[in-house]
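Reviewing the structure listed below.
Okay, here's the thing in structure tokens:
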């Protein structure tokens, strides 16, 4: 990795990484709407056709909210980064990769819930939960990388920040696994409801979850004095 | 919401928010063209097939103009914002969300007007009007937020600006509701015409509607002296 | 249009306009590939299926090159703009609008040339030429606006620049009309070949066409001294 | 190419070129997911339907990794560029063009491997290899252009850098040709595996391949002293 010729590009400011990521998130969030289709119904049945697609709207809402939260997380994380290197690009690519997958399980869930097969619905919800958990896992890798690379961060960033974010990502993995199990074992619709609620939960807590007693205990880090 | 660890990211400049929004608008405005499809006609009928799709072209034009106006509004609003916070991001997400929905009712209207069922056409136009009104409602939330958060605005921004914009958004909600009712109760085509005219109206007035006597009376705000 | 409340946003730097336009061009140029589809052929016929789609590849190439030239034109024009106002945004929207249409006639031409109906092929090529001419016409409006708004331009921009660009756009309109006529009256394939050649011609001349004797005579402007 | 009127736009900083390219890469990497479709299976068979699509997932992964590496390459190259001119834009367009093609062979490979026809699978893998090789060839043109245009580069860039990158691109062409031959002559699946491995190989070596003895010998350039 050491380059005798020149060192340009090994480390760089984060402007292109954030611009690229913003574009990716913007496309993902907008592609989701492509799965809202004109219902294929006989003449005169458009209204009921539109209404019967409601699981598609709920799935759309869940994924839209999820990507919105990912964007906020991403913005909040990169605000703390001074310089990016190749490793950071790859953990960033893993976040973009799993986020870009989201329209796929969204379409699967939306389709399955508009059919009547219970087994398919269970599979679909479990599949969505799997991708949701993978997305949280990619954040875990992302935060873990930054938790160990103080040199890439801005000086004023608290030492506790990224270890605490790591906990939040781990909680996310767990929550999507639980949602998948509930959706698979109990009722697919219950899983779908959780998919809508989870991003809201994340949005609300993203400012301060790691100050909560529980996660503080998990992170086992003393409060930084005067940061 | 208070973070003992560090305060980075709670407040930030608006560059990523506008870049992300620009990408979203660009994608929405470009996705619309995906609903202009090669007509599925027997050999030798391409010309008539293309001509018979005219409602699709009108719907495309209406939605394109709408998104263009949304972009101008967005640019004009963020030009006045100094700093964004989490609340502003969420009202911004609500504007992006409703704008991103637009290709869906556009396709529904375009399809229905190419079929012969009057009832479906009424439903389709009413549906478009509903999303159009929701989009104006999301602007209402956006402007309302900024009308109450002077601290996020640039110093030179008139105190009257965002309250007046709020009125304009409210007028928009009303106009789309009226267009929906006309389209549903009177004639779908009349509704479609209004959908094309409305963004034009907005584009023309966006510089000065709130100086008009009517809206001034609604806003009930004395003219700011020397702004 | 005069705003007693504040003047922010009436005039602004061009950064968001160019960022938005870049995103739109990027999406258009990339959407074109969506019309390259896996051929729907019986097993064992993939190779011939891929080869038989060659008109699609040519159409793709023509449109890709066209959008690339539009981007270069756009960049070159905005490099000369100091400030944008609402009127410039609208002529810019008209350029983006006609460019965004391009994937539609591209798909129509690609489809028609893969069928065997001569009449459809003529219509398709004429349709492509129509949109190509409209795109040049939107540039005409764009350059015309800037030719008359010296106050929006950077100081060092030659007075002759945008009037000369106007001529180039007019020549483009004429060339696409001619290509459409040749494609319709003579042979569709000849039209398609012209569509591929035209952007190349534009790319080559975009640096200096207006210095050519012909266009100089049309523009009837004395050479600016010492610009 | 010399313009008596003004010189603006002939040379320019690279900000719009990189912003445009970032958008294009972002769209390509995200469009890939559109080929992951809800399986068209009878009720109750969703799980096996999802599992049987595994070649689609592998193809998606291969192309995603390829685009990610292209983006890293692009970023690394443009970090060394001070100014862009028209020629650089055209070699850049050629890189974007071949990258934008990638979703097409990805879909072809993904489809063919889900069918049972050996001949089609061979064609599909060879087709993917062809586009992969073309993409490396466009990089070759890109690096070749910069290897000869020292005046466009930043001062601190080593003279050896772009000649060495050229070698790396040439190796890439060769590797994709070999992968295509193996896929065509030996086994399609072997080709697919190589498609996944190649970007990883590129990612790992992109920091330092040209320091390796082999490529140094090919490039036949003495080490620059003190760069």
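Chains as they are written, first to last, in the numbering used here: chain A, 295 to 521; chain B, 295 to 521; chain C, 295 to 521; chain D, 295 to 521. Note that the Cβ used here is the ideal one computed from N, Cα and C, for glycine as well.
Assign residue i to one of three DSSP states: helix, strand, or coil.
i, result
"residue 404 of chain B", "helix"
"residue 479 of chain D", "helix"
"residue 394 of chain D", "helix"
"residue 299 of chain B", "In this predicted model, residue 299 of chain B has a pLDDT of only 48, less than 50, meaning its place in the structure is not dependable enough to derive any value."
"residue 518 of chain C", "Confidence is the limiting factor: at residue 518 of chain C the pLDDT is only 42, short of 50, which leaves the residue's position unreliable, though a coordinate-based value still follows. Three-state DSSP puts residue 518 of chain C in coil, outside helix and strand."
Let me make sure I understand the geometry here. Which of the options has the alpha-carbon closest to that of residue i?
i, options, result
"residue 396 of chain D", "C/330, C/364 and C/475", "C/330"
"residue 348 of chain C", "C/470, C/406, C/454 and C/436", "C/406"
"residue 400 of chain D", "D/421, D/371, D/382 and D/380", "D/421"
"residue 310 of chain B", "A/474, A/471 and A/372", "A/372"
"residue 369 of chain B", "B/312, B/452, B/493 and B/441", "B/312"
"residue 344 of chain A", "B/345, B/418, B/392 and B/375", "B/418"
"residue 473 of chain C", "C/392, C/424, C/398 and C/332", "C/424"
"residue 426 of chain B", "B/486, B/451, B/439 and B/450", "B/486"
"residue 497 of chain C", "C/416, C/478 and C/356", "C/356"
"residue 452 of chain D", "D/375, D/335, D/307 and D/314", "D/375"
"residue 328 of chain B", "C/402, C/439 and C/494", "C/402"
"residue 394 of chain C", "C/315, C/436 and C/464", "C/315"
Please list, in chain order, the residues of the stretch 362 to 394 of chain A that have any C-beta partner in chain B closer than 7 Å.
362, 365, 366, 369, 370, 373 and 374
Residues within the stretch 312 to 331 of chain D neighbouring chain C, beta-carbon criterion of under 7 Å
313, 314, 317, 318, 321, 322 and 325
Are the stretch 481 to 490 of chain C and the stretch 412 to 432 of chain C touching by the rule of at least three beta carbon pairs closer than 8 Å?
yes
Output the residue ranges of the alpha helix (DSSP H) runs that lie fully inside the stretch 301 to 343 of chain B and measure 4 residues or longer, sorted by chain position.
309 to 325
Could you tell me which whole alpha helix (DSSP H) segments of length 4 or greater appear in the stretch 398 to 451 of chain C?
412 to 441
Any 3 or more C-beta pairs closer than 8 Å across the stretch 388 to 395 of chain C and the stretch 423 to 439 of chain C
yes
May I ask you to list, following chain order, the residues of the stretch 407 to 429 of chain B that have a beta carbon less than 8 Å from some beta carbon of chain A?
409, 410, 411, 413, 414, 417, 418 and 421
At least three beta-carbon pairs within less than 8 Å, the stretch 314 to 331 of chain D to the stretch 344 to 364 of chain D
yes
Examine the Cβ distances between the stretch 368 to 388 of chain C and the stretch 350 to 357 of chain C and report whether three or more of them are shorter than 8 Å.
no
Counting pairs of beta carbons, one from the stretch 333 to 342 of chain A and one from the stretch 455 to 465 of chain D, are three or more of them closer than 8 Å?
no
Say whether the stretch 443 to 455 of chain B touches the stretch 376 to 384 of chain B, bearing in mind that this needs 3 or more beta-carbon pairs closer than 8 Å, one atom from each stretch.
yes
Identify each residue in the stretch 332 to 345 of chain C for which the Cβ-Cβ distance to at least one residue of chain D is less than 8 Å, and report them in chain order.
332, 337, 338, 339, 340, 341 and 344
Listed from N- to C-terminal order along the chain, which residues in the stretch 443 to 469 of chain D have their beta-carbon within a distance smaller than 8 Å of any beta-carbon of chain C?
none
Closer than 7 Å, Cβ to any Cβ of chain A: which residues of the stretch 480 to 494 of chain B, in chain order?
none
Residues of the stretch 431 to 443 of chain B with Cβ closer than 7 Å to any Cβ of chain C, in chain order:
none
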